[in-house]
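Structure record follows, encoded as structure tokens.
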Amino acid sequence: MDAVKRFFSSPRFAVAGASNDTHKFGYKIFAWYHQHSLPVTPLNPRAAQIALPSTSYETVPSPQALPSPSQTSLSVVTPPPVTLQLLQEAHAVGIPAVWLQPGTFDEAVLAYAHAQGRFEAVIAGEGGCGDEGWCVLVDGEQGLRAAGVEWTARL
1 MDAVKRFFSS
11 PRFAVAGASN
21 DTHKFGYKIF
31 AWYHQHSLPV
41 TPLNPRAAQI
51 ALPSTSYETV
61 PSPQALPSPS
71 QTSLSVVTPP
81 PVTLQLLQEA
91 HAVGIPAVWL
101 QPGTFDEAVL
111 AYAHAQGRFE
121 AVIAGEGGCG
131 DEGWCVLVDG
141 EQGLRAAGVE
151 WTARL
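In UniProt numbering, the protein residues as written are 1 to 155.
Right, dumping it as structure tokens:
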């Protein structure tokens with residue numbers, strides 16, 4: 001839970017793999033941050049905006065384009081080959097914490113993410129309250145409470 005607490009201690013968040021397809025986890029996880037009133041930026045190199053029912057967000061194409069990467073925790077919802085590339089860029093720009101959602105990693109991704117000194121916090125794999133491991137949709141609210149983050153639900 002220390003990694004989750006560190007993740008939610010960041011003042012900003014980003015979702016790599018944010019999607020406009022309401023059936024995809026990239027949409028659901030991005031919407032979760034919005035619904036919890038957290039400052040979130042969608043990363044998607046192919047879509048200019050991510051539209052939620054109440055608002056639209058301008059996307060950025062990569063971690064390099066984030067306004068304050070060293071103050072941004074990154075939630076990843078991409079296939080493993082894309083995830084590895086994202087993590088390399090995230091490390092290069094100083095992103096402190098990453099949350100690899102189920103299905104976004106393989107052994108190479110985990111080895112890179114967990115290398116000594118690469119990130120202050122990595123959440124991935126077994127653990128959490130869900131059957132598939134750590135997931136923002138399942139474990140996020142508990143993490144917010146652990147980090148002492150105040151939030152209000154919104155649509």
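Here a beta-carbon is modelled for each residue, glycine too, at the ideal position from N, C-alpha and C. This structure is a prediction, so every number in the text was calculated from the model and none was measured.
If you compare the alpha carbons of Ala48, Pro96 and Arg46 with that of serine 68, the shortest gap goes to Pro96.
In the assembly as shown, glutamine 64 is an exposed residue. Its beta-carbon has fewer than 16 other beta-carbons within 10 Å. If the five residues before and after isoleucine 50 are omitted, its C-beta is found closer than 8 Å to the C-beta atoms of Ala18, Ser19, Asn20, Tyr27, Phe30, Pro42, Asn44, Ser56, Tyr57 and Thr59, all from its own chain and listed in chain order. Alanine 153 is not a Cβ neighbour of threonine 78, given a cutoff of 7 Å. For serine 73, the closest C-alpha among the options Gly117, Leu100 and Arg145 is that of Leu100. The Cβ neighbour count for histidine 36, taken over all protein chains shown within 10 Å, is at least 16; the residue is labelled buried.
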